[in-house]
Structures are given as structure tokens and as C-alpha cells.
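Heads up, the thing below is written out as C-alpha cells.
2 protein chains.
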Amino acid sequence: MTELNEFLYPSKWLSKASAGDRVTYELRMRIISGQIESGTILSENKLAIDFAVSRSPIREALKILASENMIRLERMGAVVIGLSEKEIEEIYDVRLLIESFVFERLVRIDTNELIKELSKILEMMKVAIKYSDADEFSYQDVLFHETIIRAVNHSYILMIWNNLKPVMESFILLSMRVRIKEKVEDFTRIINNHELYIEAIRTKDRDLMSKSLHENFDDVQGKVEDLWISQQMLSKGVVQQND
Amino acid sequence: MTELNEFLYPSKWLSKASAGDRVTYELRMRIISGQIESGTILSENKLAIDFAVSRSPIREALKILASENMIRLERMGAVVIGLSEKEIEEIYDVRLLIESFVFERLVRIDTNELIKELSKILEMMKVAIKYSDADEFSYQDVLFHETIIRAVNHSYILMIWNNLKPVMESFILLSMRVRIKEKVEDFTRIINNHELYIEAIRTKDRDLMSKSLHENFDDVQGKVEDLWISQQMLSKGVVQQND
DNA sequence: GTTATAATACTTGTATACAAGTATACTAGA
DNA sequence: TCTAGTATACTTGTATACAAGTATTATAAC
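In order, the protein sequence lines correspond to chains A and B.
Take full-length UniProt numbering: the last position of the first sequence gets the number 243, and nothing is skipped along the way.
Take full-length UniProt numbering: the last position of the second sequence gets the number 243, and nothing is skipped along the way.
In C-alpha cells form, the structure reads like this:
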């Protein structure tokens, strides 16, 4: 595994992170991108060598990734699961589930502050598109949904989000990086959809919210296939040289 | 913290567990029972001495408990959060949420095998009551719900369950141990409720399922207060001697 | 008594060492 | 050629060591 150590996860998002976190984020990206193929057996020692750290941070990373369903810890080695079409659908099931729950809480509280915050994030997203900054766009996209979820102050719903977020973030990152090059029109659709979402919260309109949530889902869903092909190509290019 | 090392978590459930797991399960029980009060700051070193293990398994435990919202990892020490009334409600929110989701999937598939399995578990629960075995009853109760959730084969719903389960299990354990002594009538109500649940799955009756789910919730909800008092007394008795 | 500085005792994160167990490969015997 | 047993190279889990940083305490100066 002597690849050019080109990191997939934005390094500036890890400025204050520990070695354990770095490994976690990077390993997750490599698994989701397909750079590390599903079925691969990871060894703590090999990973320690690859990342040039000791086993301690590696173990930490593996434990986290296991709790996120990215790998399965077995007696000998960690088996990579990754994200197939099925898992991506499942992740969106859960997102739909928790965001619907959150919406039901939102209709009962004052959402002025929240809407202001969301509008700000939306503007940020637009700027990110303007400068073709896929990473920044992804960051704001994830933040958008996190902001909504945090607004209801529910620690166990937040717990679910915290478990789901890293995987979603990685997936969105990879997805947006591919799309920003050739499918810019996708982004205006995503923006429109988020505007709908804000509108749904403002008017406390369940149907509108449901519509925007599902469209958001369909947007990703329909595109997964093409995306995967590009993504696989993109990642394979890095390893290919001696494997 | 020189308490009589009386473990709260059933030791026979940890027969093949690592030191890290033992610490995790025991620490969780002590936090939920109130033996370790919310707000307490835990130190890795002190815990290592208390449990007579090194920091490695302690760190592992703290990471897991943090992901379960039982503690909050800060720069200096881990702050205990624990379960207040609010958190317990939230946990049941999530259980309602995921079990409702699961039910929607169940109505679309063949549930004969599942129902047979659930009936078996229910019989086990009855036997447990007959012999006043609160631990065994709790085990089967948790297993009952896990079996339902596993039936739909949804890895990300299962992920949520896996995160929630240990906390629920601990809570149920403590709750049942108190109740089995003086409130045996509660158990027949729980059994009836589970029978309703099975019936709802068999007849694919959404309303019945909703009814049984909510009653299950109310059962716990109403009783939390009295329960807490007993529980606190129970746990305080252990520490009190020199603190 | 109050403040500034220095010493000390803690904290986390990482590296390394070791023990016990498990898979793999290899050798000896038929 | 096949099998039995042994050696070897892995594996995980735990203990320990160390570095860098942070809080606390004590001491000294005013």
C-alpha cells in the first residue's frame, strides 16, 4: 500500500485534530470513496505503518469506524464494509426519519433565529458555488442540516446525528467534488431545494417540508450510479501505480 | 472512592468480555444508577486505579460512554451527564421513532418466523418473572425489541439501536430490579403489552402497534420518579461509608 | 494582603512493550 | 502425496513510558 499520500479529507478541517482523528477522517474517506475496497481486511499494524503513527490512534479510528458501520471488527483484522447503494439509501432513511421528527418539534417553537441562521448558511453555499469550492459547499450543506437538528435541543436525536454526520459529510464531499466540475446545474437545484426547506420551516408547512426532504433525497439517489463510476475512477488513479 | 467493589452489571454477561468492556458496562451502570452523580468529573488515572486496570481500557470506555451521551469529554476530565427525566423521555422518543419505522417495514414482509421468535422470548420473560429474576427478565425484554429491529435488516437503523441499547439495557436492569420486589403487578402489565405488540405485528395493525408502544412508554414514564428514589437509596448505600 | 512568577502535580495523546492467542507455513513421518 | 505436529509470524488487548500542555499551588516581591 505505497500510495502517494494524497489525503482525501480537507486538511484544513483537521487543524487542531489529534492523530487519531486524522486517521479516522482519512480512513473514512478512503473507504467511502472506494480507494479502499469493500471486503478489504485492515490490519492495525499495517495501518500504523501507512499512516506513520502508533497503534493507539489507529485503534481509536477503527473503533469509531466500526460504530459507524464502515468496518466490522473481527477476531483477526477489520473487514471493510463501505457504502453500497443499499447503505446510502439506508442513511437517507435515517436522515428522513430524524429530520421529520425534528420538524414536528420545530412547528411548536419560535423559529425566527433558526431561519436567519439558515439563510446565512444558504448564502454561504451560494458563494461556495460561485467559486466552485466543493469542499466549502459540502461543509455548509452539512452545517445546514445540523443547524436544524440542533435547534430542537434533543440530545439523543443529536446523538444519532453525530453518528451519522461523519459518513454523510464524507459522502457529500466526494459527491460534490465530482459534480462541481461537470454538473453545475445540480447545485442550483440543491439551493432551490434548501430554500424550500427554509420556507417549510417558516410557514410550518409539513407537506412542503416532506416534499423538499424527498427531493433532496431523490437528487442524491438518482445520481449515485454515475457518481460512483467517476468516483471509482478518481480514486483508482491514486493507487493503481503498483497494485 | 474506596467503595466495596460490588458490581452493578451482571458479571455472567461479561464472561468473554475484555477489561475495556467490563469497565464500560460497569461505569455505565454506576452513572445511570446515580452511584456516580451527574456533574462528577472522572479522571482516567483515578478510574484506572479504581478498576485496577491501565488507562487503555479506561480510555476505550470513556470514548464509548461519550458517544452514548453518558459523559462529556472535556479538556480536563470527563464530565458525567447521566440520565435525568429529560434524557429518559428522549431515549423513548428515539425508540418510538425507530420502532415505528421498523413496523412500517414489517407490514410488508412475512413475519411468521419473527412472531415465533418473539413468542419464545415472551415465554422466557414469563419464566423470569416466576423466579423473580429481574436480570433475566431485562435481558429478554431488550432482546425482544432487538429481535424486532433486526428483522428488517436495516444496517443504519441497527446502528442507532446499537448506540441506544446499552443505555436502555442498563436503565431497564436497574428499573426492573427495584420493581420486581414490590411491584410484581407491573410485570404482568408489561407482558400483556408485549403480547399486544406481537398481535400488532401479526395482524399488521398500525394502531394496535402504536397503542402498545405508547403504553410501554407510559409504563416507564409514570414510574420514573418513585423508581429514582429507590434507586438512589440503593446506590447511595454502597458509597456512603466514607465519602 | 495582594500580585507575579515559579514549581509542582495533574491532564491528554501517542509510542512502545509485552502477553496470550490464532492463523500460516513448514518440516517430519508415513 | 498426504497428514501431524511444530515453528513462526501474525493478531488483539493491556500495561507502561513519555511528551506536551494546563491547572494548581506555593513562594517571593511589593
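Yeah, the Cβ is synthetic: ideal placement off N, Cα and C, and Gly gets one too.
Remember, it's a predicted structure, so these values are computed and weren't measured experimentally.
For ILE36 (chain B) and VAL23 (chain A), the gap between their C-alpha atoms comes out near 33 Å.
Distance from the Cα of ASN112 (chain A) is smallest, within the candidate group A:LEU208, A:GLU199, A:PHE187, A:SER33, for A:GLU199. Chain B has a Cβ within less than 7 Å of the Cβ of GLU90 (chain A). Bridge pairing for ILE71 (chain A): A:VAL80 [DSSP]. For TYR139 (chain B), the enclosing alpha helix (DSSP H) stretches over residues 134 to 151.
With a 10 Å radius around the Cβ and a threshold of 16 neighbouring Cβ atoms, ALA52 (chain A) comes out exposed. If you look at HIS194 (chain B), you'll find it in the alpha helix (DSSP H) that goes 184 to 203.
Under a criterion of Cβ atoms nearer than 7 Å, the residues of chain B adjacent to PHE101 (chain A) are, in order, LEU97.
For ASN45 (chain A), there are no neighbours in chain B by C-beta distance under 8 Å, as the nearest C-beta there is about 17 Å away. By the neighbour-count criterion, in which 16 or more other beta carbons inside 10 Å mark a residue as buried, ASN69 (chain A) falls on the buried side. Its Cα nearest to that of LEU158 (chain B), the residue A:ALA66 stands out among A:VAL142, A:ALA66, A:LYS183, A:ILE190. Here TRP161 (chain A) is buried. Its C-beta has 16 or more other C-beta atoms within 10 Å. Looking at A:LYS130, A:PRO166, A:LEU83, the one whose alpha-carbon comes closest to that of GLY39 (chain A) is A:LEU83. With respect to the C-alpha of TYR197 (chain B), the residue from B:ILE172, B:ILE148, B:SER175, B:LYS181 having the closest C-alpha is B:ILE148. From the beta-carbon of ASP93 (chain A), the residues of chain B found nearer than 9 Å are PHE101, HIS154, TYR156, ILE157. Interface residue (Cβ-Cβ distance to chain A less than 7 Å): ASN112 (chain B) is not classified as such.
Judged by DSSP secondary structure, SER119 (chain B) falls within the alpha helix (DSSP H) whose first and last residues are 112 to 130.
Using a Cβ-Cβ cut-off of 7 Å, ASN193 (chain B) does not count as an interface residue toward chain A, since no Cβ of chain A sits closer than that to its own. By the criterion of at least three beta-carbon pairs nearer than 8 Å, the segment 88 to 103 of chain A is not in contact with the segment 179 to 190 of chain A. DSSP, read as helix, strand or coil, puts LEU8 (chain B) in coil. Taking a 10 Å sphere around the C-beta of GLU26 (chain B), we find 16 or more other C-beta atoms and assign the residue as buried. Look at ILE160 (chain A): its C-beta is under 7 Å from a C-beta on chain B.
Rounded to the nearest angstrom, the gap between the Cα atoms of ARG30 (chain A) and ILE49 (chain A) is 16 Å. Identification of chain B residues near SER67 (chain A) by a Cβ-Cβ cut-off of 9 Å yields ILE64, SER67, MET159, ASN162, ASN163, ordered along the chain.
When DSSP states are grouped into helix, strand and coil, ILE36 (chain B) belongs to the coil group.
If you draw a straight line from the Cα of VAL107 (chain B) to the Cα of ILE32 (chain A), it comes to about 32 Å. C-alpha of MET209 (chain A) to C-alpha of PHE171 (chain A): approximately 23 Å in a straight line. Residue burial annotation: MET168 (chain A) is buried, with at least 16 other C-beta atoms found within 10 angstroms of its C-beta. Taking a Cβ-Cβ cut-off of 9 Å, the neighbours of GLU87 (chain B) in chain A comprise SER155, TYR156, given in sequence order. The three-state secondary structure of ILE49 (chain A), taken from DSSP, is helix. A straight line joining the alpha-carbon of LYS126 (chain B) with that of GLU44 (chain B) spans about 42 Å.
Residues of the same chain with a CB within less than 6 Å of the CB of ALA78 (chain A), apart from the 5 flanking positions on each side, are LEU42, LEU62, ILE71 in chain order.
Here VAL102 (chain B) is near VAL152 (chain B), since their CB atoms are less than 7 Å apart. Burial state of ARG55 (chain A) is exposed, judged by a 10 Å Cβ sphere holding fewer than 16 other Cβ atoms. Sequence-distant partners of ILE64 (chain A) (beyond 5 residues in either direction) whose C-beta falls short of 7 Å from its own C-beta, in its chain, are THR24. Of the candidates A:GLU136, A:GLU123, A:LEU118, A:ASP110, the residue whose Cα lies closest to the Cα of SER175 (chain A) is A:GLU136.
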